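Residue numbers (the numbering used here): 940 to 1388.
The block underneath contains the structure these notes are about, expressed in structure tokens.
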């Protein structure tokens, strides 16, 4: 009888399928490579627009104050938080011991208990403080923003788990376990709330594609972590004490397409492809004047102030008084971008931009001998008759961890994706690895770049 046969054919490589700059008109190469730069900026702008959410495949956070839960465990009683060793052992004594081959489809009678992990089913748990539900509702909004989910989220309590010293859970991917997914219709992820208890270790290692993160606090505070169901997660060993967590299944309406880390990753496909052919052309000696870095505006709306000095020449400054960092949304966007470019030969920075236009104005003054005056931002408007000088300045260049890399250096507007990036004060800077040393050096020594 005929047999099924499968043949594997070698297709074009990923790079060979990318647009080739050699196909672009070359007329403008010696004069700024106008055609190439226009295409590159257009492609990058489209790629950024395709990323309509700024979530990550996993995230974590902590709370400034511990919300009141008034937790009650059937068979044990009301639980005081932080969790004491005495009550932890009382809960463990009435709990279900987790099988060692968690996530595998072995018959229950063949599974061996794994010491150090205890589960309490949700029907034995009650939260008597009414504010707990309000807390969960607010936390759901935070989780949605961190994961890039823009639809309402349901949270269903799955279980409480206590991890003791010596517990070694195995890596697990909920999306591959039909039993887990079927427990909550529309499930797309997991939320872990770590209750206050004295312990060290026990964080969660999450992996997706070639990226990994370690989530969770190791102190006595309440914290949370969340991840998509197609993300592999593993609880790291507890070094001391007890780690007590509440696990919630995250879900949307069953009739909606389930959000996934894969879908989030695919949104960044056009950006990664564009960065790949950009880098390929940077290393192509036959192509000149390929930009080594570009700015993309993000963040807060700008403001304008006007100062007036000698000879009634006024300077309009576009930009906000320099904040410590961009808005939370801007930071989330930049971190998401860093994840998207991981493995590619580019670095991501944050730049605080400013534009200053100087020129003569007619400024009536009661005191003609007063050589200087200052016009407040909410004072009457004084139009500059003619702009005599325009300066574009990076007031501060920051790494994504908040370290200041450079200050007060001019930059060339032709390296911006937007014609007017000053409607937003902050910008992302993408710099190729080949130019990183030169770029940072120029930023540190106040050289135009």
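Positions of the beta carbon are idealized from the N, C-alpha and C atoms, including for glycine.
These numbers come from a predicted model, not from an experiment.
Residue 1027, DSSP secondary structure in three states: Walking along the chain shown from the start, residue 1027 turns up at place 88. The answer is helix: DSSP assigns residue 1027 an H, G or I state.
Per-residue DSSP class, three states only, for residue 1380: Looking up residue 1380 in the chain shown gives position 441. It is helical.
Residues near residue 1273 by beta carbon distance below 8 Å, same chain, minus five either side: Looking up residue 1273 in the chain shown gives position 334. Excluding positions up to five away in sequence, the list reads 1237, 1265, 1287, 1289, 1339, 1367.
Continuous beta strand (DSSP E) assignments of at least 3 residues falling wholly in the stretch 982–1028: With a minimum length of 3 residues, the continuous beta strand (DSSP E) runs that stay inside the stretch 982–1028 are 997–1001, 1010–1012.
Exposure label - residue 1073; buried when at least 16 CB within 10 Å: In the chain shown, counting from the first residue as 1, residue 1073 sits at position 134. Exposed, since its Cβ has fewer than 16 Cβ neighbours within 10 Å.
Reference residue 1025; option with closest CA among 1137, 1342, 1212, 1070: Position 86 of the chain shown, counted from the start, is the residue given in the question as residue 1025. Taking only the C-alpha atoms, the option nearest residue 1025 is 1137.
Sequence-distant residues of its chain with Cβ nearer than 8 Å to residue 1005 (five each side left out): For the purposes of this step, residue 1005 is taken as the residue at position 66 of the chain shown. If we look at residue 1005 and ignore the five residues flanking it on each side, its Cβ neighbours are 1020, 1135, 1160, 1161.
CA nearest to the CA of residue 1090, picked from 1192, 997, 1370, 1149: Counting from one through the chain shown, the residue named residue 1090 turns up at place 151. The shortest C-alpha separation from residue 1090 is found at 1192.
Burial state of residue 1035, where buried means 16 or more other Cβ atoms lie within 10 Å: Start at 1 with the first residue of the chain shown, and residue 1035 comes out as number 96. Counting every other CB atom within 10 Å of its CB across the protein chains shown gives residue 1035 a total below 16, marking it as exposed.
Straight-line Cα distance separating residue 981 from residue 1107: By 1-based counting over the chain shown, the position of residue 1107 is 168. By 1-based counting over the chain shown, the position of residue 981 is 42. Pairing residue 1107 with residue 981, the inter-Cα distance amounts to about 50 Å.
Three-way DSSP call (helix, strand, coil) for residue 1224 in this model: For the purposes of this step, residue 1224 is taken as the residue at position 285 of the chain shown. Coil, per DSSP.
Residue 1198 classed as buried or exposed, judged by whether at least 16 other C-beta atoms fall within 10 angstroms: On the chain shown, position 259 is the one that residue 1198 refers to. Looking at its Cβ environment, which holds 16 or more other Cβ atoms inside 10 Å, residue 1198 is buried.
Closer than 7 Å: residue 1191 CB and nearest the ligand NAD heavy atom: In the structure shown, the ligand NAD is absent, as is every other ligand, since no ligand is present at all.
Between the CA atoms of residue 1001 and residue 1083 - distance to the nearest angstrom: Here residue 1083 corresponds to residue number 144 of the chain shown, with the count starting at 1. Here residue 1001 corresponds to residue number 62 of the chain shown, with the count starting at 1. If you take the alpha carbons of residue 1083 and residue 1001, they lie about 15 Å apart.
Simplified DSSP assignment, three categories, for residue 1109: As a position in the chain shown, residue 1109 is number 170, starting the count at 1. If DSSP states are grouped into helix, strand and coil, residue 1109 belongs with coil.
Per DSSP, cross-strand counterpart(s) of residue 1165: Residue numbering aside, residue 1165 sits at position 226 when the chain shown is read from its first letter. DSSP lists 998, 1130 as partners of residue 1165.
Residue 1190 beta carbon less than 8 Å from that of residue 1123: Within the chain shown, the letter at position 184 stands for residue 1123. Within the chain shown, the letter at position 251 stands for residue 1190. Yes.
Exposure label - residue 1032; buried when at least 16 CB within 10 Å: Stepping through the chain shown from its first residue, residue 1032 is reached at position 93. By the 10 Å Cβ count, residue 1032 comes out exposed.
Residue 1299, DSSP secondary structure in three states: Taking the chain shown and counting its residues from 1, one reaches residue 1299 at position 360. Note: residue 1299 maps to strand in three-state DSSP.
Whole-angstrom distance between residue 1139 and residue 1104, CA atom to CA atom: Position 165 of the chain shown, counted from the start, is the residue given in the question as residue 1104. Position 200 of the chain shown, counted from the start, is the residue given in the question as residue 1139. Those two C-alpha atoms are separated by around 9 Å.
One or two residues paired with residue 1086 in a DSSP bridge: Position 147 of the chain shown, counted from the start, is the residue given in the question as residue 1086. DSSP lists no partner for residue 1086.
Buried/exposed call for residue 989, threshold 16 Cβ in 10 Å: In the chain shown, the residue the question calls residue 989 occupies position 50. Flag for residue 989 reads exposed.
Pairwise C-alpha distance: residue 1085 and residue 1097: Here residue 1097 corresponds to residue number 158 of the chain shown, with the count starting at 1. Here residue 1085 corresponds to residue number 146 of the chain shown, with the count starting at 1. For residue 1097 and residue 1085, the distance between alpha carbons rounds to 21 Å.
Simplified DSSP assignment, three categories, for residue 1317: Taking the first residue of the chain shown as position 1, residue 1317 is located at position 378. Since pLDDT at residue 1317 reaches only 44, below the 50 mark, its modelled position is unreliable, and no value is offered.
Own chain, CB closer than 6 Å to residue 1380, minus 5 neighbours either side, in chain order: To locate residue 1380, count along the chain shown from 1; it is residue 441. Counting only Cβ-Cβ distances below 6 Å, and skipping sequence neighbours, we find nothing.
The stretch 1164–1177 / the stretch 1126–1133 touching (three or more Cβ pairs under 8 Å): yes
Rounded straight-line distance, which links the Cα of residue 1010 to that of residue 1029: Working through the chain shown from its first residue, we reach residue 1029 at position 90. Working through the chain shown from its first residue, we reach residue 1010 at position 71. The straight-line gap from Cα to Cα measures roughly 14 Å.
Where residue 1328 sits in the DSSP three-state scheme: Within the chain shown, the letter at position 389 stands for residue 1328. Looking at residue 1328 - three-state DSSP - the assignment turns out to be strand.
Host beta strand (DSSP E) of residue 1189 (start-end): The count along the chain shown starts at 1 and reaches residue 1189 at position 250. It spans 1177–1190 - the beta strand (DSSP E) in which residue 1189 sits, taken as one unbroken run.
Close Cβ partners of residue 1329 (< 6 Å) along its chain, the five nearest in sequence each way excluded: Along the chain shown, read from residue 1 onward, the residue named residue 1329 stands at position 390. Excluding positions up to five away in sequence, the list reads 1296.
Candidates 1099, 1175, 1027, 1322, of which the one nearest residue 1109 by Cα: Your numbering for residue 1109 matches position 170 in the chain shown. Comparing Cα positions, the closest option is 1175.
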